[in-house]
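Going left to right, the sequence shown walks through residues -26 to -1, 1 to 400 as mature numbering (1 follows the signal peptide of the UniProt record, and there is no 0) numbers them. Positions of the beta carbon are idealized from the N, C-alpha and C atoms, including for glycine.
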Amino acid sequence: MKRKKETKTILMAVALSLVMSACANGAISTTAGSGSTTADTTAAASTAEGTTAAPANAGPGGGTPPDGQGGPGGGPGGPGGEAVDTTTGRVTDVAAAVKADAVTGSTACSSSAETDAAVACLADAFLKTLTDEQKEAVQFDLTAENGAVWSNLPAGNVKRNGLMFGTLSTESLEAVKALAAEALSGTGYSTLRSIILADEYLTTDTGNTMWDADLYYIAFLGTPSATEPWVLQISGHHYAANLSFNMKTDSATPMFVGVEPQTFTMDGVTYEPLAARRDAMYNMLGSLSAEQQKTATISGKFDDVLVGPGQDGNFPAKEEGILYTELDDSQKALVKASIEAWVKDANEELSQELLSAYLSEEALSQTYIGWSGSTSYADHGSYIRISGPRVWIEFVCQTGVAYKDQIHFHTIWRDKLADYGGSFSS
């Protein structure tokens, strides 16, 4: 695949203003919105969508819905400091490597019976492919401050921890793929892969190099180990995973997943990364009667997820929505399916552990579902939330940034007790 054009200063300046207004997280104004999707990939022959013109009344960067009544955009997308140079040091075509289905890792790690041990082995195998300078750049202390350095904004706008994928050698990038594939489930790796390719599609289709498959990062908080605490961070535009191991409670959160466009085609394959999440959440919401929808309405208007980057621990003090126990059996099944749509991205051992906690009768009896703005994912500000004793899931629809006549999705999955493995909570 041919290499992308160098970053244009003017494009980056314009892009910064657009993205900061449309994609930043945590904003809430006086009313609310709803939406949610899944991270699965659909493969089929199709024709790639082209760039479409923005409607005359579209807000800048998707910050305002077509009726002009949207609340203000979010904040800066979490801590991370100043913008960073992402134009130098690239040596590998990440998109070409990610498109390849094959994942090759250290065969010495395949004998590990437990996932935690296999992940630690593959992390060590990755480190062995790096230079001394790269090893230093990828490793961080296990602190709350370092843990909070992730965002959904493009990497050129907000700093990430660690090494950029595009600066890695082919050997190192293959080691990253193997590590991610082991740390996540097959579905979870497919989510990561398809969201990276969505950024490649944005660059190719729009010519704007602030979105790029190369601009994803890997970092270790703590030293990878089969017995000692550490966190694997993978972060880029529309994706952030914080996968903890050997902690008070192992977890995969905070995990941010978003996508633009919703559907895209590359090399004859059509991808729809969040289709399963979207369908699960809107099937759940659509099953409610008019009276139940009224009860489930959340006050406020949401332009983005509420507890996104930079909002660790800032969950609402008061629950809103309709309680799980007020639903019939078919509706309860849809709530469970919606939670599973996120949790299944974690590796099998972890997802089983988390689902046992999230879907216990005790936990579900304290779980609420709610919505705001619209019951349709075709509308800006459509917002859906699931909130339990531990699980927290948000799905929101925004006017597009690259394609202003389309809707794109932001989602967040958090664990109220076990974000970052529960290491930084009181």
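- For PHE100, the enclosing alpha helix (DSSP H) stretches over residues 89 to 101.
- Of all alpha-carbon atoms in ASN120, GLU294, ALA172 and MET221, the one lying nearest the alpha-carbon of LEU248 is that of ALA172.
- Annotation: the continuous beta strand (DSSP E) that includes VAL233 extends over 229 to 233.
- Separation of PRO290 and LEU104 (C-alpha to C-alpha, rounded to the nearest whole angstrom) is 43 angstroms.
- In the pairwise beta carbon analysis, the region 150 to 167 is classified as not touching the region 357 to 366: fewer than three pairs are separated by under 8 angstroms.
- Of all C-beta pairs linking the region 194 to 210 to the region 115 to 123, three or more are shorter than 8 angstroms, placing the two stretches in contact.
- In the DSSP assignment, TRP345 falls within the unbroken beta strand (DSSP E) covering 342 to 346.
- Our two residues, LYS151 and ILE386, have alpha carbons roughly 23 angstroms apart in a direct line.
- Assignment of GLN113 by DSSP, reduced to helix, strand and coil, places it in the strand class.
- DSSP places GLU368 in the uninterrupted beta strand (DSSP E) bounded by 365 to 373.
- With a cutoff of 8 angstroms on beta-carbon distance, HIS384 and ASN216 are scored as not near each other.
- Excluding residues up to 5 positions away in sequence, SER218, ASP389, ALA392 and GLY395 lie with their Cβ nearer than 6 angstroms to the Cβ of SER225 in the same chain.
- The Cβ atoms of VAL112 and PHE194 lie closer than 8 angstroms to each other.
- Boundaries around ASN257 are those of the alpha helix (DSSP H), 249 to 260, since no beta strand (DSSP E) includes it.
- Of the candidates GLU156, ALA94, LEU101 and ARG134, GLU156 places its Cα closest to the Cα of ASN321.
- Listed in chain order, the non-local C-beta contacts of GLU145 below 7 angstroms within the same chain comprise THR103, local neighbours out to five positions each way being set aside.
- Where SER218 is concerned, the enclosing beta strand (DSSP E) starts and stops at 213 to 219.
- GLY287 counts as exposed, since fewer than 16 other beta carbons sit within 10 angstroms of its beta carbon.
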